[in-house]
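Number 231 in our numbering belongs to position 183 of the sequence shown; there are no gaps in the numbering. Here a beta-carbon is modelled for each residue, glycine too, at the ideal position from N, C-alpha and C. This report refers to the structure that appears directly beneath it.
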Amino acid sequence: MAPTIRLPFRRTLALLASATILAQAGVSGVAFAQTTPETAAPGVAAPVPAAPTPPASTTPQQTPPVQTVVPTNGPASVADLAEGLLDAVVNISTSQNVKDDEGVGPAPRAPDGSPFQEFFNDFFNKQQGNKGPNHNVSSLGSGFVIDPAGYIVTNNHVIEGADDIEVNFANGSKLKAKLIGTDTKTDLSVLKVEPKTPLKSVKFGDSSEMRIGDWVMAIGNPFGFGGSVTVGIISGRGRNINAGPYDNFIQTDAAINKGNSGGPLFNMKGEVIGINTAIISPSGGSIGIGFSVPSELASGVVEQLRQYGETRRGWLGVRIQPVTDDIADSLGLDTAKGALVAGVIKGGPVDDGSIKAGDVILKFDGKAVNEMRDLPRVVAESTVGKEVDVVVLRDGKEQTVKVKLGRLEDSDQAASGDAAPDGVITPDPDENDDMDQPDTGDQAAPAPGTPAPDQHQQGQVSPDAAMPKNVLGLSLSLLSPETRKAFGIAESVDGVVVTEVEPGSASAEKGLKPGDVIVEVAQEFMKSPDAVAAKVKSLKQEGRRNAQLMIASANGDLRFVAVPME
């Protein structure tokens with residue numbers, strides 16, 4: 049043990065301080081060093097009594113002594129709460145049989161001419177020579193029991209691809225687990241074990257009641273250290289970390305590390321209000337920024353996985369995009385809110401005209417849609433087949449329409465053939481967004497023989513017989529067989545084609561490009577370049593600062609763009 053160095057003058061200072069206190073006590077008869085009474089609340093220092101009035105004989109010039117408070121208690125303990133929950137939190141270990149070459153790069157080699165080259169290469173050759181045709185990869189995570197019969201909740205990424213799942217309990221027992229169901233969109237899975245006796249379980253609480261600053265406790269298996277308890281507060285709510293289409297994470301500073309994934313986040317009542325899923329960490333360790341799936345989202349998903357082995361989400365069948373400040377201004381909205389409908393899926397629940405492209409959805413089933421990403425979540429949480437009221441802004445007025453929801457998984461048949469099977473999308477405020485199928489982008493692959501895009505940008509396309517019109521920095525022309533062929537525009541697309549975009553113009557800054565088709569201006573269908581020019585002029589006379597354009601890409605994907613009219 050390293051020697052402890054003690055400074056020689058500390059004892060002298062202590063003796064002098066003691067002598068000073070005794071001297072003061074001798075003058076006034078009172079020593080002002082106080083201790084916290086035992087009746088004080090944990091972690092709270094008791095108030096210090098006021099000093100008694102010194103006797104008349106006390107010298108007026110005497111300096112009052114310093115009052116000292118010595119706390120005797122720390123913060124309130126969470127030991128009793130943790131003790132009742134530890135048995136319901138489990139460690140989950142998985143193994144996966146993979147090929148040696150799967151995910152393995154070439155063996156490192158020493159630089160040519162290095163004195164260690166022979167030893168270095170011999171070592172790695174021997175290591176690779178000892179490998180068999182396959183090997184196991186193991187991982188660790190956390191979970192918690194929600195039913196004494198043996199139902200366990202964890203993260204999908206904890207058990208994804210596993211050939212074998214084993215659950216380790218706090219008492220040291222182990223049981224093999226069967227996967228009941230998994231949901232990649234929320235990263236949740238439900239497992240089932242067969243216990244001989246009922247298991248200790250925990251219940252979901254209501255995360256919507258939690259406030260920023262409330263105390264929370266995480267229990268899990270960080271770095272393989274099972275039964276680890278950490279405490280912190282809720283640092284934020286409704287966090288979007290682009291992990292999936294329904295991001296609504298709770299942020300906490302309770303320490304969460306590798307191995308905590310799938311473990312519970314408790315409130316101070318011992319209820320699960322979150323499932324620890326992700327952290328932000330440059331080093332791989334906790335820096336106090338962890339994220340949990342809120343119970344208000346997780347509880348419904350877990351119940352569906354238990355009952356059906358899959359999720360059954362509501363489906364509205366619309367393509368949506370954010371309402372920007374410019375779009376809000378062009379629509380007459382006071383603030384940017386809601387979800388702008390960029391298109392309706394053919395054959396979907398609202399293909400009957402109840403909701404139209406250009407509508408702004410403000411409320412869904414009584415729940416406010418403050419921003420675009422709110423809508424996919426509230427729709428998904430709704431019951432399949434349910435009739436709901438939807439408040440939309442259409443033609444400058446709020447209207448309430450009734451819609452009957454379909455099932456999201458059924459959208460695979462209703463969507464186009466190039467849609468991804470699982471329909472997962474990542475919201476991007478700068479692009480067209482689809483809550484039911486992936487965004488294929490604004491630019492479709494050009495048809496065989498179509499000129500290259502840079503040729504379009506140079507304006508080498510001969511317009512139709514009608515003279516092109518220049519509006520908002522755009523050269524516009526009627527759609528014709530020639531322009532359709534030149535830009536690869538589908539026959540299903542109607543409107544006015546953009547043949548050139550003036551560099552540095554407001555339209556160019558908004559991402560418009562040659563080959564785009566203006567379908568509507570301010571929710572009015574455009575048949576010709578003259579109609580576009582007339583509508584823009586009318587909007588300027590009304591005092592509008594932005595013109596809302598419905599733009600179709602070559603393959604028919606729609607988006608809305610608000611172009612400033614300067």
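Per DSSP, what kind of secondary structure is Q571 in: helix, strand or coil? coil
Simplified DSSP state of N418, which is helix, strand or coil: coil
To the nearest angstrom, how far is the alpha carbon of V392 from that of Y199? The alpha-carbon atoms of V392 and Y199 are separated by roughly 40 Å.
Run through DSSP, which three-state label would F168 get? Confidence is the limiting factor: at F168 the pLDDT is only 49, short of 50, which leaves the residue's position unreliable, though a coordinate-based value still follows. Three-state result, F168: helix.
Under 8 Å between C-beta atoms of V341 and D235: yes
Less than 8 Å between the C-beta atoms of N203 and S255, yes or no? no
In chain order, which continuous runs of the alpha helix (DSSP H) of length 4 or greater are located wholly inside the segment 347-412? 373-379
Residue range of the beta strand (DSSP E) that L133 falls in? Counting along the chain, L133 falls outside any beta strand (DSSP E), and DSSP gives it neither H nor E.
Close beta carbons around N139, own chain, < 6 Å, minus the five adjacent residues each side: N216, N269, G274
Which residue wins for smallest C-alpha separation from N14, given the options E344, V569, V320? Examination of residue 14 is not possible in this model, given that the chain is present from 49 through 614 alone.
Could you please give me the residues that DSSP links to K452 through a beta bridge? Its beta-bridge partners are E435.
Alpha carbon to alpha carbon, how far is A303 from G280? Each residue's alpha carbon lies about 7 Å from the other.
Assess, as a yes-or-no matter, whether the segment 352-362 is touched by the segment 574-588 under the definition of 3 or more beta carbon pairs within less than 8 Å. no
Starting from the N-terminal side, write out each stretch of the beta strand (DSSP E) that is 3 residues or longer and does not extend beyond the segment 251-337. 263-268, 276-287, 297-300, 312-314, 320-327
In chain order, what residues of the same chain have a beta carbon less than 6 Å from the beta carbon of K517, not counting five sequence neighbours either side? L524, P577, A581
By DSSP's criteria, F608 is part of a beta bridge. Which residues make up the other side? M598
Could you give the DSSP three-state label for L560: helix, strand or coil? coil
Whose CA, out of G307, G286, P529, lies closest to the CA of Q299? G286
Nearest by alpha-carbon distance to K558: which of E435, V544, P612 is it? P612
Alpha-carbon to alpha-carbon, V440 and I375: Whole-angstrom Cα-Cα distance: 15 Å.
Beta-bridge pairing of G191 - partner residues as DSSP gives them: V138
Bridge partner(s) assigned by DSSP for G229: V238
Looking at the secondary structure, which residues open and close the alpha helix (DSSP H) in which D443 lies? Segment: none, D443 is in no alpha helix (DSSP H) and carries neither H nor E.
Distance between beta carbons of V193 and L247, contact taken as under 8 Å: For a cut-off of 8 Å, the C-beta gap from L247 to V193 is around 5 Å, short enough to register as a contact.
Classify I260 as buried or exposed, calling it buried when 16 or more other Cβ atoms lie within 10 Å of its own Cβ. exposed
Could you check how far apart the C-beta atoms of K585 and V569 are, in whole angstroms? I think they sit under 8 Å. Not confirmed; about 11 Å, so no contact.
Rounding to the nearest angstrom, what Cα-Cα distance links N603 and A291 in this structure? 28 Å
Spatial neighbours of S430 within its chain, please: CB distance less than 7 Å, with the 5 preceding and 5 following residues excluded, ordered by chain position. G362, D413, V436, L453
Limits of the unbroken beta strand (DSSP E) element including K222: According to the DSSP assignment, K222 belongs to the beta strand (DSSP E) that extends over 222-224.
Collapsed DSSP secondary structure at E208 in the structure displayed: Here E208 sits in coil by DSSP.
Can you round the beta-carbon distance between G311 and S190 to whole angstroms, since I take them to be within the 8 Å contact cut? Indeed, because the Cβ distance is near 3 Å, the residues count as touching under 8 Å.
Member of E419, K404, L456, I228 whose CA lies at the smallest distance from the CA of T448: Comparing Cα-Cα distances from T448 to each of E419, K404, L456, I228, the minimum goes to K404.
For L606 and A390, believed in contact at Cβ under 8 Å, the rounded distance: Contact between A390 and L606 holds: their C-beta atoms lie close to 5 Å from each other, under 8 Å.
Starting from K517, follow its DSSP beta bridges and name the residues at the other end. BP columns for K517 point to L524.
Find the nearest neighbour of A428 within the set G318, Q352, S125, N219, judged by alpha-carbon distance. Q352
Looking at the structure shown, is E214 part of a helix, part of a strand, or coil, going by DSSP? strand
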